[in-house]
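Residue numbers (our numbering): 5 to 482. Note that the Cβ used here is the ideal one computed from N, Cα and C, for glycine as well. It should be emphasised that the depicted structure is a prediction, and the values quoted were computed from it without experimental measurement.
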């Protein structure tokens, strides 16, 4: 029998994973500059959108997600599942009339914000708990339905008078969660777990909206993702499985989603399957103070840009969405010392920085009150640069001395660091400088022969860079 209540211990583990899941849920929810009028916000809901089957049948959008992963459940183990998605709510703005009625308008201006029509996203959850034994064979099927909702919110001016209202409407959506498991042959007690989430909403577009994605969104499951937890047992990593399980992992089918281990590092009893590919045990960076919602966000840049909005632009952003308003307040109230910590963090160096004999993180200045470790001295000696001269230094390539002014043939592809370099294979170039980085690696700065912008690149110091084993000496033209 299927139950729909999580045990306290399971709820605690899921709460930790939801911090990352929230970033997935609201990724791209509202994009900088966070105003409804911004062109980039006219095409939203890009991740994990499961559309109604009648609308998606002839389009490149899908009505389902299919997750497969491996698990090692113990006897009598129970699987807890939480499906999360956004349910689009269409918001209209109405102005109050003298007779007490309301009329729909394109915008309603207040002292601190400008209210405009907008599609909000309401978080929805589907929770179920199933004994693993019930998943064998045909498995279980759990249909769900979220009914239509209409809500009104009065809009008051600074004096407390009603000047309008917001009307929010959401359409009915329905779906189904299918769970099944199959024990695999072999010496280990491993099962392949399959979880399918499908939009089953019975909505057919009218002729006038046959190709209108905007009309389908209120009937879609947006930013859909899945959390699964075992109360006894563990999952196997899909990106770094043990050698004996590599074949079984490769045979798993994951469509429109990807499962990774989630929760506390070192544990493997929780999986997050999301439409955005993540690494195992993803975590929110400690330097990030709040959600910015902008896809692949860079906290420092967005905080600076948001703080630079005009007062009128901030009024519109505050009226666009409550989450957009929170971003504006975050940027306006961020102390300079906190903004400074958004410039970047080299986490790989933290465990090895310090004097010999010191425990990691215990040298002076490690860590600060925000948990960010900072060395008292630079991690490399700037004085060491004194022995190098990019314009005079030379390096041996295929037995020949190469330096500034030398012509070389480009042979990229050994490292595949930049796909664009492959277009230059076989071209000749002129070496402009020989550079040494702090790790001792040599790089050749070059300009491509025949490039009409080569003179500008030299003036600006904007070169292409190759290592000595990616070039060969070229004969000078006669």
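Quiz item: If we call anything under 8 Å between Cβ atoms a contact, is residue 395 one with residue 437?
Solution: Along the chain shown, read from residue 1 onward, the residue named residue 395 stands at position 391. Along the chain shown, read from residue 1 onward, the residue named residue 437 stands at position 433. Contact: yes.
Quiz item: Helix or strand or just coil, what does DSSP make of residue 208?
Solution: To locate residue 208, count along the chain shown from 1; it is residue 204. Three-state DSSP puts residue 208 in coil, outside helix and strand.
Quiz item: How long is the line joining the alpha carbons of residue 302 and residue 271, rounded to whole angstroms?
Solution: Reading the chain shown from its first residue, position 298 is the one you call residue 302. Reading the chain shown from its first residue, position 267 is the one you call residue 271. Residue 302 and residue 271 have their alpha carbons spaced roughly 29 Å apart.
Exercise. Can you tell me which of the three DSSP states residue 476 falls into?
Key: Numbered from its first residue, the chain shown carries residue 476 at position 472. DSSP places residue 476 within a strand segment (E or B) once states are collapsed to three.
Quiz prompt | Every unbroken beta strand (DSSP E) inside the region 208 to 254 [3 residues or more] | solution = Listed in chain order, the complete beta strand (DSSP E) runs (minimum 3 residues) inside the region 208 to 254 are 226 to 234, 237 to 239.
Quiz item: Using a Cβ-Cβ cut-off of 6 Å (strictly less than) and excluding sequence neighbours within five positions of residue 59, which residues of its own chain qualify?
Solution: Position 55 of the chain shown holds residue 59. Once the five neighbours on either side are set aside, the close Cβ partners of residue 59 are 209, 220.
Exercise. Given a cut-off of 8 Å, decide if residue 71 and residue 230 are closer than it, judged by their beta-carbon atoms.
Key: Numbered from its first residue, the chain shown carries residue 230 at position 226. Numbered from its first residue, the chain shown carries residue 71 at position 67. Against a cut-off of 8 Å, the Cβ pair of residue 71 and residue 230 comes out as a contact.
Quiz item: Looking only at DSSP bridge pairs, what is residue 431 linked to?
Solution: Within the chain shown, residue 431 is the residue found at index 427, counting from 1. Bridge partners of residue 431: none, in fact.
Practice problem: State the beta-bridge partners of residue 265 as determined by DSSP. | Solution: The residue labelled residue 265 in the question sits at position 261 within the chain shown. DSSP lists 275 as the bridge partner or partners of residue 265.
Quiz item: Hey, is the region 91 to 102 in contact with the region 157 to 175, meaning 3+ C-beta pairs nearer than 8 Å?
Solution: Between the region 91 to 102 and the region 157 to 175, the count of Cβ pairs shorter than 8 Å is three or higher; the stretches touch.
Self-check item: Close Cβ partners of residue 281 (< 6 Å) along its chain, the five nearest in sequence each way excluded
Solution: Start at 1 with the first residue of the chain shown, and residue 281 comes out as number 277. Excluding residues within five positions, the ones whose Cβ falls inside 6 Å are 262.
Quiz prompt | Distance, residue 284 Cα to residue 243 Cα | solution = Your numbering for residue 243 matches position 239 in the chain shown. Your numbering for residue 284 matches position 280 in the chain shown. CA-to-CA, the gap between residue 243 and residue 284 works out to about 8 Å.
Quiz item: Using 8 Å as the Cβ pair cut-off and three pairs as the minimum, do the region 313 to 333 and the region 110 to 123 touch?
Solution: Here the region 313 to 333 makes contact with the region 110 to 123; the two share three or more CB pairs at distances below 8 Å.
Quiz prompt | Candidates 479, 310, 452, 277: closest to residue 228 by CA position | solution = Position 224 of the chain shown, counted from the first residue, corresponds to residue 228. Nearest Cα to residue 228 within the set 479, 310, 452, 277: 277.
Quiz item: So, residue 46 versus residue 32, is the Cβ gap smaller than 8 Å?
Solution: The sequence position of residue 46 within the chain shown is 42, counting from 1. The sequence position of residue 32 within the chain shown is 28, counting from 1. Taking the C-beta atoms as reference points, residue 32 is found no nearer than 8 Å to residue 46.
Quiz item: Between the beta-carbon of residue 91 and the beta-carbon of residue 128, is there less than 8 Å?
Solution: Position 87 of the chain shown, counted from the first residue, corresponds to residue 91. Position 124 of the chain shown, counted from the first residue, corresponds to residue 128. In this structure, residue 128 lies closer than 8 Å to residue 91 by Cβ.
Quiz item: In chain order, what residues of the same chain have a beta carbon less than 6 Å from the beta carbon of residue 40, not counting five sequence neighbours either side?
Solution: Translated into positions along the chain shown, residue 40 becomes position 36. Counting only Cβ-Cβ distances below 6 Å, and skipping sequence neighbours, we find 120, 122, 324.
Exercise. Compute the beta-carbon to beta-carbon distance between residue 205 and residue 177, rounded to the nearest angstrom, for a pair I have assumed lies under 8 Å.
Key: Residue numbering aside, residue 205 sits at position 201 when the chain shown is read from its first letter. Residue numbering aside, residue 177 sits at position 173 when the chain shown is read from its first letter. Sure, about 5 Å apart at Cβ, within 8 Å.
Practice problem: Compute the Euclidean distance between the alpha carbons of residue 347 and residue 179, then round it to the nearest angstrom. | Solution: Working through the chain shown from its first residue, we reach residue 347 at position 343. Working through the chain shown from its first residue, we reach residue 179 at position 175. Cα to Cα, the separation comes out at about 43 Å.
Quiz item: Under 8 Å between the Cβ atoms of residue 406 and residue 290?
Solution: By one-based count along the chain shown, residue 406 stands at place 402. By one-based count along the chain shown, residue 290 stands at place 286. Taking 8 Å as the Cβ cut-off, residue 406 and residue 290 do not qualify as a contacting pair.
Quiz item: Where does residue 377 sit, in a helix, a strand or coil, going by DSSP?
Solution: Mapped onto the chain shown, residue 377 falls at position 373. Residue placement at residue 377 is flagged as unreliable, the pLDDT there being 45, under the threshold of 50; the coordinate-derived value follows with that caveat. DSSP places residue 377 in coil when its eight states are reduced to three.
Quiz item: Quick one: Cα of residue 118 to Cα of residue 136, how far?
Solution: Residue mapping note: residue 118 aligns to position 114 of the chain shown, counting from 1. Residue mapping note: residue 136 aligns to position 132 of the chain shown, counting from 1. Rounded to whole angstroms, the gap between the alpha carbons of residue 118 and residue 136 is 52 Å.
Quiz item: Is it a yes or a no for the region 73 to 84 touching the region 195 to 203, going by three-plus beta-carbon pairs under 8 Å?
Solution: With the cut-off at 8 Å, the region 73 to 84 and the region 195 to 203 touch.
Quiz item: How is residue 12 classed by DSSP in three states: helix, strand or coil?
Solution: The count along the chain shown starts at 1 and reaches residue 12 at position 8. Three-state result, residue 12: helix.
Quiz item: If you draw a straight line from the alpha carbon of residue 88 to that of residue 68, how long is it in whole angstroms?
Solution: The residue you call residue 88 lines up with position 84 of the chain shown. The residue you call residue 68 lines up with position 64 of the chain shown. Their Cα atoms are separated by approximately 14 Å.
Quiz item: CA-CA distance, residue 258 and residue 50?
Solution: Stepping through the chain shown from its first residue, residue 258 is reached at position 254. Stepping through the chain shown from its first residue, residue 50 is reached at position 46. One alpha carbon belongs to residue 258, the other to residue 50, and they sit about 19 Å apart.
Quiz item: So, is residue 54 buried or exposed, given that buried needs 16 or more other C-beta atoms within 10 angstroms?
Solution: Along the chain shown, read from residue 1 onward, the residue named residue 54 stands at position 50. By the neighbour-count criterion, in which a residue is buried when 16 or more other Cβ atoms sit within 10 angstroms of its Cβ, residue 54 is buried.
Exercise. Give the single residue among 288, 472, 190 whose Cα lies nearest to the Cα of residue 28.
Key: By 1-based counting over the chain shown, the position of residue 28 is 24. Checking every option, the nearest Cα to that of residue 28 belongs to 288.
Quiz item: Which of helix, strand or coil does DSSP assign to residue 372?
Solution: Here residue 372 refers to the residue found at position 368 when the chain shown is read from its first residue. Confidence at residue 372 is low in this model, with a pLDDT of 49, below 50, so its placement is unreliable and the value that follows should be read with caution. In the displayed model, residue 372 falls within coil according to three-state DSSP, outside both helix and strand.
Practice problem: Would you tell me roughly how many angstroms separate the C-alpha atoms of residue 168 and residue 207, rounded to the nearest one? | Solution: To locate residue 168, count along the chain shown from 1; it is residue 164. To locate residue 207, count along the chain shown from 1; it is residue 203. Answer to the nearest angstrom: the Cα atoms are 32 Å apart.
Quiz prompt | Whether residue 34 touches residue 217 by CB criterion (8 Å) | solution = Counted from its first residue, the chain shown places residue 34 at position 30. Counted from its first residue, the chain shown places residue 217 at position 213. Result no, Cβ atoms of residue 34 and residue 217 do not sit closer than 8 Å.
Quiz prompt | Where residue 485 falls, given that 16 or more other Cβ within 10 Å makes a residue buried | solution = Lying before the first or after the last residue shown, residue 485 is absent from the chain, which here runs from 5 to 482.
Quiz prompt | Chain-order list of residues whose beta-carbon lies under 6 Å from that of residue 397 (same chain, five-residue window excluded) | solution = As a first step, residue 397 is located in the chain shown; it is residue number 393 there, counting from the start. 438, listed in sequence order.
Quiz item: Taking C-beta to C-beta, are residue 273 and residue 238 nearer than 8 Å?
Solution: For the purposes of this step, residue 273 is identified with residue 269 of the chain shown, where counting begins at 1. For the purposes of this step, residue 238 is identified with residue 234 of the chain shown, where counting begins at 1. Yes; because the gap between Cβ atoms is below 8 Å, this pair is in contact.
Quiz item: Helix, strand or coil: which one does DSSP assign to residue 95?
Solution: Locating residue 95 in the chain shown gives position 91, counting from the first residue. Three-state DSSP puts residue 95 in a strand.
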